[in-house]
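Novice: For the sequence shown, this note's numbering begins at 74 and goes up steadily by one.
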Amino acid sequence: MYDQNHSVIGSVLISRDITEYMKRQAEIDYINQHDYLTDLYNRRMFIEKFNELNERKAFPITVMMMDLNGLKMLNDAFGHQVGDEALVQVSNAFRKVFKDHFAARIGGDEFAVILTGLEKNEIENIKHELRKVVSAIMISDISLSISAGYHIVHEANNNINDVLKEAENNMYRHKVIESMSVRNQAIRAIHKTLTDKYKEERIHSEKVSMICYIMGLALGVRDEQLEELKMAGLYHDIGKIAIPDAILDKPGPLTKDEFELMKTHTEIGYQILRAADDYSRLAEYALSHHERWDGKGYPRGIEKEEIPLYARIISLADSYDAMTTNRVYRSKMTKDEAIEELIKGAGKQYDPRLTKIFIKEVLKRPKEAEKVELN
74 MYDQNHSVIG SVLISRDITE YMKRQAEIDY INQHDYLTDL YNRRMFIEKF NELNERKAFP
134 ITVMMMDLNG LKMLNDAFGH QVGDEALVQV SNAFRKVFKD HFAARIGGDE FAVILTGLEK
194 NEIENIKHEL RKVVSAIMIS DISLSISAGY HIVHEANNNI NDVLKEAENN MYRHKVIESM
254 SVRNQAIRAI HKTLTDKYKE ERIHSEKVSM ICYIMGLALG VRDEQLEELK MAGLYHDIGK
314 IAIPDAILDK PGPLTKDEFE LMKTHTEIGY QILRAADDYS RLAEYALSHH ERWDGKGYPR
374 GIEKEEIPLY ARIISLADSY DAMTTNRVYR SKMTKDEAIE ELIKGAGKQY DPRLTKIFIK
434 EVLKRPKEAE KVELN
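1) Quick check: the stretch 306-317 against the stretch 419-439, are at least 3 beta-carbon pairs closer than 8 Å?
2) Give me the DSSP bridge partner(s) of Ser254.
3) Enumerated in chain order, which unbroken segments of the alpha helix (DSSP H) with a length of 4 residues or greater are wholly contained in the stretch 226-271?
4) Quick test of the definition: if touching needs 3 or more C-beta pairs under 8 Å, does the stretch 226-246 touch the stretch 270-280?
5) Can you tell me whether Tyr423 is helix, strand or coil according to DSSP?
6) Inspect the beta-carbon positions of Val170 and Glu202 and report whether they are closer than 8 Å.
7) Beta-carbon within less than 7 Å of Met146's beta-carbon, same chain only, minus the 5 sequence neighbours each way: which residues are those?
8) Below 8 Å between beta carbons: does that hold for Ser361 and Ala384?
9) Can you find the residues in the same chain that come closer than 7 Å, C-beta to C-beta, to Lys122, ignoring five residues on each side of it along the sequence?
10) Using three-state DSSP, classify Ser282 as helix, strand or coil.
11) For the beta strand (DSSP E) that contains Val136, what are its first and last residues?
12) Determine, using beta carbons only, whether Val161 and Thr92 come nearer to each other than 8 Å.
13) Give the straight-line distance between the Cα atoms of Glu125 and Glu301, rounded to the nearest whole angstrom.
14) Can you look up Arg354 in the DSSP assignment and give me helix, strand or coil?
15) Verify whether the separation of the beta carbon atoms of Asp240 and Val136 is less than 8 Å.
16) Consult DSSP for Met406 and reduce its assignment to one of helix, strand or coil.
17) So, Val401 versus Gly325, is the Cβ gap smaller than 8 Å?
18) Indicate whether Asn148 and Lys248 have their beta-carbon atoms separated by less than 8 Å.
19) Counting only the same chain and skipping the five closest in sequence on each side, list residues whose C-beta sits under 8 Å from that of Leu435.
20) In terms of residue numbering, what span does the beta strand (DSSP E) encompassing Leu302 cover?
21) Between Thr266 and Arg403, what straight-line distance do the alpha-carbon atoms span, to the nearest angstrom?
22) Can you name, in chain order, every residue of its own chain whose Cβ lies under 6 Å from the Cβ of Ile375, other than the five neighbours on each side?
23) To the nearest angstrom, report how far apart Ile219 and Met139 are at their CA atoms.
24) Between the alpha carbons of Gly306 and Asp182, how many angstroms are there, rounded?
25) With Val226 and Ile134 assumed to form a contact (beta carbons below 8 Å), what rounded beta-carbon distance in angstroms separates them?
26) Buried or exposed: which applies to Gly83, given that a residue is buried once 16 or more other Cβ atoms fall within 10 Å of its Cβ?
27) Mind checking Leu427: buried by the 16 CB within 10 Å criterion, or exposed?
28) Please determine, among Lys280, Glu274, Arg295, the residue with the shortest C-alpha to C-alpha distance to Gly312.
29) Give, in chain order, every unbroken run of the alpha helix (DSSP H) that is at least 4 residues long and sits entirely within the stretch 90-149.
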């Protein structure tokens, strides 16, 4: 402060506590640098770290890319919450194995890590340890698996995308085999989860499978094709794994909205089965087993021979078992009553030729089979 003669007569000191500001700024910086789900570094920070090491010529620099196998199948079968839990668990494994290195999540199911000063044999040992740790993680009775590949940079390279592409190509060479194995395992685990939880579903799927097998014999199906038909019957309702418990457990008839949700099990089953190499041929049958001969079924409304043969067989087996099984809201039909329903549905819901064979050869009622009109 100055007087009228411009001489200093005092001073005013202003201070401000910026602790909260600095804290908020640190939180903002952290959010901008890290993946929201896994708390690993994000893609932007990964690129910045690589560029920094590249400029410092901290060679050799190894970029390793990793992909969680079967994530889409986990999401389809159990929901995104379970898929997210798998990503978090895998991220925790990365922290354990890569505690001295720079790990990041750079995409939906893709992770990357930067390692410096390591030789190829050391990197292979780390990769082996990572796969071992991840395989010990169980999510919904499924052992997790990752595919990994890497690229070693020995001299200045200003294009991180080229480096990532090389690492990714190496990763996908392994993923073709590894992902196939985990998806096949996942199918079995998904089906086991469904049938362990719902005893009725286990009994139903086994009975439908056996009826399909007998029907296949009656049609002259043999060997691998007969086994495929039997498996198609066993897994036809696998999509129910994604249907809410309140609907599957409901003791009475479903409301219109509930039935619309239940109908989605055909498409979900298709998505699950087609993702696994050993089961992909069954996907079309799971999708189509609620289609009708007259085109009034779901989900696509296809008709007659547009519906795959095995799906038409499953439709008969599925319906017959449902009719002759007790439900909380209705008593089971007798064999004669069920046959009458099949005859009524021939040419409408069911393939009439298959219905005739089913009644004659599987149910051993040749006289009743004559009532089925083939038009």
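Don't be surprised by glycine CBs; every beta carbon is placed ideally from N, CA and C.
Specialist: Based on what the coordinates show:
1) Counting Cβ pairs under 8 Å, fewer than three are found: no touch.
2) Beta-bridge pairing links Ser254 to no other residue.
3) Unbroken alpha helix (DSSP H) runs of no fewer than 4 residues, entirely contained in the stretch 226-271, are found at 233-270, following chain order.
4) Verdict: no, contact absent.
5) In the structure shown, Tyr423 sits in a strand (DSSP, three-state: E or B).
6) Contact flag set, yes.
7) Same-chain partners within the cutoff: Arg256, Ala259, Ile345, Ala348.
8) Yes, the Cβ-Cβ distance between Ser361 and Ala384 is below 8 Å.
9) Sequence-distant partners of Lys122 (beyond 5 residues in either direction) whose C-beta falls short of 7 Å from its own C-beta, in its chain, are Phe175, Ile187.
10) The answer is helix: DSSP assigns Ser282 an H, G or I state.
11) 134-141 is the extent of the beta strand (DSSP E) around Val136.
12) No, the pair does not count as a contact, with Cβ atoms beyond the cut-off.
13) Going from the Cα of Glu125 to the Cα of Glu301 covers about 55 Å.
14) In the three-state DSSP reduction, Arg354 falls in the helix class (H, G or I).
15) With the sequence shown as reference, residue 240 is identified as Ala, and Asp is not the correct amino acid for it. Going by C-beta atoms, Ala240 is nearer than 8 Å to Val136.
16) Met406: coil per DSSP, three-state reduction.
17) Cβ atoms of Val401 and Gly325: closer than 8 Å.
18) Cβ atoms of Asn148 and Lys248: not closer than 8 Å.
19) Here the sequence assigns Val to residue 435, which means Leu is not the residue at that position. Once the five neighbours on either side are set aside, the close Cβ partners of Val435 are Ile284, Ile287, Met288, Ala291.
20) Membership of Leu302 in any beta strand (DSSP E) is not indicated; the residue belongs instead to the alpha helix (DSSP H) covering 296-308.
21) Here the alpha carbons of Arg403 and Thr266 stand approximately 27 Å from one another.
22) Counting only Cβ-Cβ distances below 6 Å, and skipping sequence neighbours, we find Glu364.
23) Pairing Ile219 with Met139, the inter-Cα distance amounts to about 6 Å.
24) In this structure, the straight-line span from the alpha carbon of Gly306 to that of Asp182 is close to 32 Å.
25) With a Cβ gap of about 4 Å, Val226 and Ile134 count as contacting.
26) Answer is exposed; the Cβ neighbour count stays below 16.
27) Per the 10 Å Cβ criterion, buried.
28) Nearest neighbour of Gly312 by Cα position, chosen from Lys280, Glu274, Arg295, turns out to be Glu274.
29) Taking only runs of at least 4 residues, the alpha helix (DSSP H) segments lying wholly in the stretch 90-149 are 92-106, 116-128.
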